[in-house]
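Student: Got a structure for you, questions after.
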Amino acid sequence: MQQEVWQHPEDARGYLNLGKEYARQQRYDDAIQAYRRAIGLEPGLDEAYSAIGAAYFDKKEFNSALPWMQKRVEIAPDDSLRQFDLGNVYFQLNRYDNAIASYQKAIDNSYSFQEAYYSMAVCYIKIGKIDEARKIHKWLQNKNNYLAVSLERHLQNDVPDKAGK
Numbered sequence: 001m002q003q004e005v006w007q008h009p010e011d012a013r014g015y016l017n018l019g020k021e022y023a024r025q026q027r028y029d030d031a032i033q034a035y036r037r038a039i040g041l042e043p044g045l046d047e048a049y050s051a052i053g054a055a056y057f058d059k060k061e062f063n064s065a066l067p068w069m070q071k072r073v074e075i076a077p078d079d080s081l082r083q084f085d086l087g088n089v090y091f092q093l094n095r096y097d098n099a100i101a102s103y104q105k106a107i108d109n110s111y112s113f114q115e116a117y118y119s120m121a122v123c124y125i126k127i128g129k130i131d132e133a134r135k136i137h138k139w140l141q142n143k144n145n146y147l148a149v150s151l152e153r154h155l156q157n158d159v160p161d162k163a164g165k
């Protein structure tokens, strides 16, 4: 892969593919460098923005992931998966209200984004809005038993004392 890039140093897609290979090997710093090079060659290469955000997320550098995930949403604000990923970054940063807003946009732009509902319910638990989480739990019981059972565990174990169980 590196040899291809060396042979075609002006090929943004080559750097993108090299970055993906580095990411598969969990060489995230190398991946980020390759993705940045791809963007330098082709600033409109949307996939590279996504990849940088994902690499920072995988490194658990959520503050660094945030602007890249926000850029992805700016490019395609109606893309449910982009909104979901942005919500996941906000969740990791304990910015639950922002996460809920992103998850809601993901839901609004899809037929039935069960994972977004689940993640939104966990945010509600974190901020003490237990009734909202329970409404989602009830809905999930009819849609996705696995997520419903997982959410039930959160409701049993993670409810803040001030919110009551």
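Numbering (UniProt numbering), first residue to last: 1 to 165. Heads up, the beta-carbon is just placed ideally off N, CA and C, and yes, glycines get one too.
Give me the Cα-Cα distance between ASP79 and ASN109, rounded to the nearest whole angstrom.
Tutor: Looking up residue 79 in the sequence shown gives position 79. Looking up residue 109 in the sequence shown gives position 109. ASP79 and ASN109 have their C-alpha atoms roughly 7 Å apart.
Student: With respect to the alpha helix (DSSP H) encompassing ARG95, which residues constitute its N-terminal and C-terminal limits?
Tutor: The count along the sequence shown starts at 1 and reaches residue 95 at position 95. Note, ARG95: premise wrong, no alpha helix (DSSP H); not H, not E.
Student: Would ALA55 and VAL89 qualify as a contact pair, given that the criterion is a beta-carbon distance under 8 Å?
Tutor: Taking the first residue of the sequence shown as position 1, residue 55 is located at position 55. Taking the first residue of the sequence shown as position 1, residue 89 is located at position 89. Result no, Cβ atoms of ALA55 and VAL89 do not sit closer than 8 Å.
Student: By Cβ distance, which residues of its chain are closer than 7 Å to ALA76, with the 5 residues on each side in sequence left out?
Tutor: Along the sequence shown, one-based indexing puts residue 76 at 76. ARG82, listed in sequence order.
Student: Determine the direct distance from the alpha carbon of ASP58 to that of HIS137, and round the result to whole angstroms.
Tutor: Looking up residue 137 in the sequence shown gives position 137. Looking up residue 58 in the sequence shown gives position 58. As the crow flies, the alpha-carbon of HIS137 is around 28 Å from that of ASP58.
Student: For the alpha helix (DSSP H) containing ARG36, name the first residue and the last one.
Tutor: Within the sequence shown, residue 36 is the residue found at index 36, counting from 1. Here the alpha helix (DSSP H) through ARG36 covers 28-41.
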